[in-house]
Ligand SMILES: Cc1ncc(COP(=O)(O)O)c(C=O)c1O
Ligand SMILES: Cc1ncc(COP(=O)(O)O)c(C=O)c1O
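Protein chains in written order, with the working numbering: chain D, 8 to 460; chain P, 8 to 460; chain E, 14 to 517; chain U, 14 to 517.
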């Protein structure tokens, strides 16, 4: 019977007799007999690790991974970036992996300092002074952002660009059922948010995406102006790689920055665990969701780190808390600190630049072919959207046959009737990372041109 | 220019000016100009890690690995054993991997204690009181063993069974050119060493293999008697997995045990790094090659470990040393300690037993088919030798086409005219490990039966 | 510019010294680098030819500039300044810090799972969908439920998801309900989730047994009660023996029962929430199913529900078609997505590996031995640290230091801190709030009797020390990389980033 | 039976305490287990039905019986009791403890290399053969040689291989020679290898410059000299400027020049042994080419030779055929095998990865910066610890503590031990033997100027301390997991195994 239990049968007997019991079942004597599972679990018996490895080989064989059989041109918050072995080696150290939340700072300076460094990096990339220790993912970061805006303004209407990732919009919508927030989605025109069309009043937050999920780098001035006019908070959801070269959320006047931190050293991993980035202005500090690490000193005056402002947290505030997040994504935050430490100031800029170069090269080449059109005339960064002559799902299927994960269909992301593009069923968002070579892009373009026929 | 240098150009300038120099080349001013490489190395310029990974993908693509495309029935000291993830995780810890030889015990207790545990395990498996901290591999362990025998007896003739792995015999032969030892190889008759045929006198060592490289478990009584008669040392080279259930070298009366420790957690790895096991009797202690860790105390009386009897070592004894080994295979010894800690008393026995069961099952099934015959009538352990109707290399090639690494050809190991079998070119040594399933063995037998036709 | 700190000095590694470790920013030196990027051949146009200049940040966002060598040294040293399950016992109550099998890490490290894009169409990800379906099935079997969502990224996310399902259920019946009942012993996430779910919290007191007072519960029940959130065993480690009565009472008023699965390790394969009458269950896979906590996450908090709630589950969900292939389906009355993609997939894969190794016969053994260890420890410590409630416990025991505090002015926190100097992580202290000077020990099933005995001896020693040298305990720990930290100053004089540090 | 020690107590982890770690045998409990084995379906016949009973050991060989959890805790704690390059600077002279890129580990971890059986026929291992040929080519280019063997598993194995090639060469010419010349500064493996190669050692003194005294050399040369073994830079870190004169002199008497490549890091791509006149060169890939030392191995010690010696190289060797495929070939006059298979293959793969990353332009930069660092450190420390020889050094510098010892009775060893408490590994001490109170620092190119400065400051502090509080230095280290160990007792009262411990 494979397991990880240390107890020998003799030890079990001794322990039981110390307790005055004779069988393991006796430990559950006070559990009403009627409730106890009599027939055991309806589940196959245990198997040794090598046998289970065989089972898992069956799963992996039924996937097509980007590492081997598919060249990845899909993005949407989940990017195929290079993760160097050194980053894996450091972030997988078992002291980081098998630690709990750093409640005892004396023996948790490792995780605490790594988070402090992470907070600093995210704060800088956001251009905002406060960053928390992580949230679940980009989508749930946005939920916390609108909740924070509600807390700050006492209002419940959230005005959100249709350029925000459709899944993020959906998640905000889901949680609004509990908080009672009212969501107003602002459509895009030619890839750009039509902020002028907003008529809502009593608005808590204006939510923009930079770049938006179609890839367009929108001017955020109108969003900032709208927020100011309405006395609402400006929330910017951003691509954190682009954030190294584009104007920061802070520079655009945002009150809150949220983002999906997967590009910072976390593999595609079928969507999780990822990393919810969250930064905000000093004014919102006391409403900050999740954990925050701060610097202090120990009794000998040595610098030390500790989780701080705990009074905000759910374990203290209970029903008065504005967020319920407890376990977050610390290991991914540590990983991000390692990856950003590896890339450094210039490395991250170089990655961002190469993404943009690759995307623009791919876009230009695709535009040479009939049956492929740009979804908008706007400037983009590392992702762009094309309208295809053939249905998007057909095109993507044909591309897969040629060895490419060709992008994400807008219809699959947002449904058939989204207000972000004219025809979701013929729109594909294509992403390019620093890993893609010219050779791969050229082959992709050729396959794409064939696939749309 | 990819590298791992920390220096910025400014720092280089500052450092040079501190030295009163102006260029890096000036550092080499005292090296005669005529000697200095003027045109640079004739080698492609550096490439980034991801680019080099592509180069290596080319190498790996041109191999057929046992992990994916070949089911392994080859052995000969290199066995396809299960290495559980936990063993890899522990033995690859960078404190073990990037440490030097433990010269400063105060900061090297980790490696030192692991080696101490390793020495204990090997000593027990050998049934001999002393085991060193590792040697390069099984073959070089045997070289050290015959040198030790020379040191102990002052004699130079080594009587060696032809059942000793042909590569080991070859390596001993190579080094005998320096030491001047004289090697007498004793032929096998029906798989068993013909010790009775030995006429040599003035013998330093009698060297047996247990099991021998054809798989046969030879009775070592005649070898022991011969050694006693000649007043020579008995050296037993053994399969360390089999050593957990068979009589130990010590129980057979051996003075020295040597073995290839690869089965203890080290992957096939195209032959290295492996692990040279070496154990001996108390009488030989002062001639022990390599390092030895011993227990002692620190100034506070705490138990501590340290490399000991250093006076034997080459850095002390210089030309009077009897071995020149300095760097050994410590990481593999640490790995072995972890793997043996994982398996424990019963796990290793179970592995050994399953190997034997698999081998006997495979043997029986193969014997059902024409064109395949047993090379000997002797009892074997986890490896056995068959004589095939078709030439061994042809059979192995056909088996590879069916997805099997079918064994090792005696001709390839030992040449076409070895004294261990009748016809090396038609003899294949087949090995089975605990990883091989009945299904795999059945498929292998079917393919084998076809291949010999 | 400040002078860069040396990356190669290891005096912060506890092996060598007790200095602090510089931050990576302090080690940074302009012009230094670790990164290497591949050759792509893509035309390297300057950025301002690709993106309108007004979008470009005129200044550089400064990260750190360090060599790979210093990066490795820095994070390796930080790792040596961190306690972890892999170093020793971590008996934090309510957190289930059991051993995390390396095998499950290896499973999650397979590129065949790890390198799959979450937006890839279903026909390219059949393996993942099958894996998720298989996990859902196992989790339903363990909880006695009919269907589950794997999206929630942690326990608290599961709670809120469950409450939104509860809300959607009531609303689908045109039933507007207002309140959710929670015992005073509950974990803080429970009331917070209730609030975020749009309900009011009604707190009911635990009785002197440490259990729900069924009469007190009945007193607050009514038609405006949407449901109750319970853990069972509850947060003091006791089994709510009257759970059937509780379930009946809540169901009678039309409420639903929510099971906080943080303590599921106690009853795995022994009793099932569904059989106790619960309608909604979240699990903390990072507790019960041994996925590593990662220093505070990632976790996974799947929510399983009874059949009447299956159509409200978040979507899309993986499902098997009649042809045996897999597809994504959204339940008819789905509350919608609760995660950007499909949940913390690699955590889910690890948990399935763990479950498959144990199987139907192994999982109950996990619970049995977890409960055995906790009861043994509770009994063993009776003389030193009495249990808060005098009843057999389940997988954890809550002890109280009231006596020691009263007699020797040594608090639970002091004992916990001193324990770390004896080679064990501290237990959870001051939780649950209803127990004075609480010390909550959850040894888990993976600690040996020898370790438990050593832990007990260490606590005995400390209790003795509290009598003879209370200051030593009150000032502990002294031998750790840092001694007690000034938490008040951290909050008062907030330095949440290096940049704030520079301003201070 | 002894009571098992607790596996979960972490008081030996320097993070928490300074206890000793129990051995795995002390933690062992009969009946406990970690192992899991796959289901095979193979008939499970009892062993005595497979193997004659007289071959079976009637008793069990006791290893340890521990849980996986305790196994992990034990070795994780041991790892925390171990210094390593990845924790900080490791300036051990002659050992080239540079940063070992994780990328090279990843390359070696690829199952496409790692899971290939060494006995598989060449047609199944073309990738490996190509890799080995490519490495051989690069190593020949770096050394200026014509061919190489990759079989030797470490530097010393390379030395002996080289000497056997030397012997075979002379013998092939019917030339019986007796002696090999070695400078007194040579590493101990050199004379030991010469002896094992069947030659007598003739030691020549270094002159006051720290270099070979060419006249002294000439004086011992003669027709019975098989060759000379040199390192250049030599073991005091100095370049033998008269190497061409030396080469000519040795060649004139028909001797060969052997290059001990332990110090190759100093001249990579700047000067080549072949161009200096050497005939045989071994390399320590674990030094120059950054493959990790593994706590004392594995290494790799390929031997490259000039064209007249290629036919004596060990075999079989990988070679490219005219069709561009690869095969194994044995040189005509091969000395034979020197390794059970093909050498430490995974180490070879790592080294090739390292070489390919650096390339022809990067390798000389390695040498330049290694030499820069050593000279800077030497100069920086001049006032505290003078260099043994007043000349520019190469990649390492030998300093002497004679003054401090004389004035303050503090020895090189004391300084080295105290340095560890300041966050740096000790330098090599008392080697080479010809320098009194030698401290040999090899910073390598991967340490930053900041680290070197911090190292220098630490040494200055210690030197000062030696004056004001010599005992502190003489008793150092006090803060490490163990303090100075009783080496004499270890040797006198030998306890090389747990079983011997029980007898004591
Ligand atoms: C009883 C209880 N409920 C809920 C939670 C919240 O779970 P998570 O941290 O996974 O969000 C915890 C976590 O400690 C808990 O102990
Ligand atoms: C100068 C010198 N020669 C030879 C050697 C021996 O090399 P190895 O330890 O790889 O056998 C060393 C190792 O330290 C050395 O420094």
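Backbone N, C-alpha and C define an ideal beta-carbon position, used for all residues, glycine too. Note that the coordinates shown come from a computational prediction; the quantities given were computed from them, not determined experimentally.
{"Check": "Helix, strand or coil at residue 215(E) according to DSSP, with G and I counted as helix", "Outcome": "strand"}
{"Check": "Cβ of residue 89(D) within 8 Å of any chain P Cβ", "Outcome": "yes"}
{"Check": "Under 8 Å between C-beta atoms of residue 41(E) and residue 103(D)", "Outcome": "no"}
{"Check": "Reduced DSSP category for residue 95(E) - H, G, I as helix; E, B as strand; rest coil", "Outcome": "strand"}
{"Check": "heavy atom of ligand 1 below 7 Å from residue 314(U) C-beta", "Outcome": "no"}
{"Check": "Enclosing alpha helix (DSSP H) for residue 257(E) [first to last residue]", "Outcome": "256-265"}
{"Check": "Chain P within 8 Å of residue 363(E), Cβ atoms only", "Outcome": "no"}
{"Check": "Coil, strand or helix - residue 14(U) by DSSP", "Outcome": "With a pLDDT of only 45 at residue 14(U), under 50, the local geometry of the prediction cannot be trusted, and no value is derived from it."}
{"Check": "Residue 273(U) Cβ short of 7 Å to ligand 2 heavy atom set", "Outcome": "yes"}
{"Check": "Check whether residue 29(E) and residue 71(D) have beta carbons under 8 Å apart", "Outcome": "no"}
{"Check": "Residue 92(U) CB to nearest heavy atom of ligand 1 below 7 Å", "Outcome": "no"}
{"Check": "For residue 217(D), the residue or residues it bridges with in DSSP", "Outcome": "245(D)"}
{"Check": "Distance, residue 345(E) Cα to residue 334(E) Cα", "Outcome": "17 Å"}
{"Check": "Any C-beta of chain P under 8 Å from that of residue 77(E)", "Outcome": "no"}
{"Check": "Contact test: residue 297(P) Cβ vs ligand 2 heavy atom, cutoff 7 Å", "Outcome": "no"}
{"Check": "For residue 406(E), three-class secondary structure by DSSP", "Outcome": "coil"}
{"Check": "Three-state secondary structure (DSSP) of residue 502(D)", "Outcome": "Given that chain D is displayed from residue 8 to residue 460, the structure contains no residue 502(D) and the question cannot be resolved."}
{"Check": "Reference residue 70(E), options 271(D), 304(D), 359(D), closest by Cα", "Outcome": "359(D)"}
{"Check": "C-beta atoms of residue 233(D) and residue 427(D) nearer than 8 Å", "Outcome": "no"}
{"Check": "For residue 239(E), three-class secondary structure by DSSP", "Outcome": "strand"}
{"Check": "Any non-hydrogen atom of ligand 2 within 7 Å of residue 245(P) CB", "Outcome": "no"}
{"Check": "Residue range of the alpha helix (DSSP H) that includes residue 359(D)", "Outcome": "337-373"}
{"Check": "Heavy atom of ligand 2 within 7 Å of residue 167(U) beta-carbon", "Outcome": "yes"}
{"Check": "Sequence-distant residues of its chain with Cβ nearer than 7 Å to residue 275(E) (five each side left out)", "Outcome": "107, 168, 200, 244, 297, 300"}
{"Check": "Uninterrupted alpha helix (DSSP H) stretches inside the stretch 34-97 of chain P (no shorter than 4 residues)", "Outcome": "56-68"}
{"Check": "Between the CA atoms of residue 55(U) and residue 324(E) - distance to the nearest angstrom", "Outcome": "47 Å"}
{"Check": "Residue 354(U), DSSP secondary structure in three states", "Outcome": "coil"}
{"Check": "In chain order, each alpha helix (DSSP H) run of at least 4 residues that lies wholly inside the stretch 392-472 of chain U", "Outcome": "415-421, 425-434"}
{"Check": "C-alpha gap between residue 54(P) and residue 184(D), whole angstroms", "Outcome": "54 Å"}
{"Check": "Contact list for residue 119(E) against chain P, beta-carbon separation under 7 Å", "Outcome": "92"}
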